[in-house]
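Residue numbers (our numbering): 309 to 661. Structure record follows, encoded as structure tokens.
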């Protein structure tokens, strides 16, 4: 067996109520002017963290947005400089974490993350900014959070419907790295365990939104999925999602949810053994259809037409997807991508194209 594995510099606290330790953890790290980041929808939660930090809070920037628009990054950069912040504290999902990571790259600014969703991006060295209708993604270890505090209590306000889509987003990170062409065994173990945890926990959250064990299990699964992506790779699936997010501003988690089963079906012939292991982790016979049915069971979207995509967008999406080479187990062509998108647009069950 031959492989290369290098872990990222993770620093994690995982416990119910762990957010209350934030002031003392900042003290240990030597930071005293934290700019709290949040989206407009989570401004109240952001303000709670500001109150928790007291005099260690420099202020609140509550304008984080999906796909990290360049204008938002510019505004947040100006606020960091105006307030003299020495770190950021991102409270929220992938939108907020993504902004903190972009600031870390551009300003060499330490970032602490309190996830409130199952995005998992806090475990990766991937970061992106969207300018001119193109979402450009890069890797750099400088964006890996200085500290991540996982507090399952923070996910209790996540509505079950969005918890489903957010969990499927995490599932996509795990699936991509369980079936990647150059996957290493350690990343694969993280990915498969993440799939198991998410597949078990997400239906319980839908049935019992207040179930703390299920909320913690999904957060744990999302962390593992993000870790697999952080030390692994991306492929056709993530390229498709970034195409729709950057070019058409589709909702990130829902885009992952819709496209994931079809991406798995696309690559199944090239990676039969790992696709079978994904199915086993899901406790189903067929991985692609199992993911499609799981999304339906959770009440998550299964068609591009239901998340704002128009049929006339599909040709452009296929063209943008293949503008640059894609590291993918199965060869990627514009014609096959277009056929995949047609199935996904109508919400048909996944099938090889």
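Heads up, the beta-carbon is just placed ideally off N, CA and C, and yes, glycines get one too. Since the model is a prediction, treat every value here as computed from it, not as a measurement.
{"Check": "Is the number of C-beta pairs between the segment 309-319 and the segment 533-540 that are closer than 8 Å three or more?", "Outcome": "yes"}
{"Check": "Residues in its own chain within less than 8 Å of residue 575 by CB, not counting five upstream and five downstream?", "Outcome": "487, 543, 544, 583, 636, 637, 638"}
{"Check": "How long is the line joining the alpha carbons of residue 604 and residue 347, rounded to whole angstroms?", "Outcome": "28 Å"}
{"Check": "Sort 549, 471, 585 by Cα distance to residue 570 and report the nearest one.", "Outcome": "549"}
{"Check": "What is the rounded straight-line gap between the Cα of residue 665 and the Cα of residue 652?", "Outcome": "Here the chain comprises residues numbered 309 to 661, so residue 665 is not present and cannot be evaluated."}
{"Check": "Apply the 10 Å Cβ neighbour rule to residue 520 and answer buried if 16 or more other Cβ atoms are within range, or exposed otherwise.", "Outcome": "exposed"}
{"Check": "Skipping 5 residues on each side, what residues in its chain have a beta carbon closer than 6 Å to that of residue 589?", "Outcome": "500, 503, 504"}
{"Check": "Comparing alpha-carbon positions, which option in 556, 414, 561, 445 lies nearest residue 471?", "Outcome": "561"}
{"Check": "Thinking C-alpha only, which one of 595, 559, 640 is nearest residue 616?", "Outcome": "559"}
{"Check": "Check residue 340 in the structure and name its three-state DSSP category.", "Outcome": "coil"}
{"Check": "Which two residues bound the contiguous beta strand (DSSP E) that contains residue 438?", "Outcome": "434-439"}
{"Check": "From the DSSP output, in three-state form, read off residue 552 for me.", "Outcome": "helix"}
{"Check": "Roughly how many angstroms separate the alpha carbons of residue 327 and residue 473, rounded to a whole number?", "Outcome": "24 Å"}
{"Check": "Taking all protein chains shown into account, do 16 or more other C-beta atoms lie within 10 angstroms of the C-beta of residue 444, making it buried, or fewer, making it exposed?", "Outcome": "exposed"}
{"Check": "Which class does residue 249 belong to by DSSP, given the choice of helix, strand or coil?", "Outcome": "Outside the shown range of the chain (309 to 661) lies residue 249, about which nothing can therefore be said."}
{"Check": "Using only the alpha-carbon positions, how far apart do residue 506 and residue 448 sit?", "Outcome": "27 Å"}
{"Check": "At the level of alpha carbons, what is the spacing between residue 556 and residue 622?", "Outcome": "11 Å"}
{"Check": "Return the chain-ordered list of same chain residues with a C-beta closer than 8 Å to the C-beta of residue 321, the five sequence neighbours on each side being excluded.", "Outcome": "329, 333, 455, 456, 457, 458"}
{"Check": "Give me, in chain order, the residues of the same chain whose beta-carbon lies closer than 6 Å to that of residue 426; leave out the 5 immediate sequence neighbours on both sides.", "Outcome": "474, 475, 478, 526, 530"}
{"Check": "Please state if the CB of residue 375 and the CB of residue 553 are separated by a distance shorter than 8 Å.", "Outcome": "yes"}
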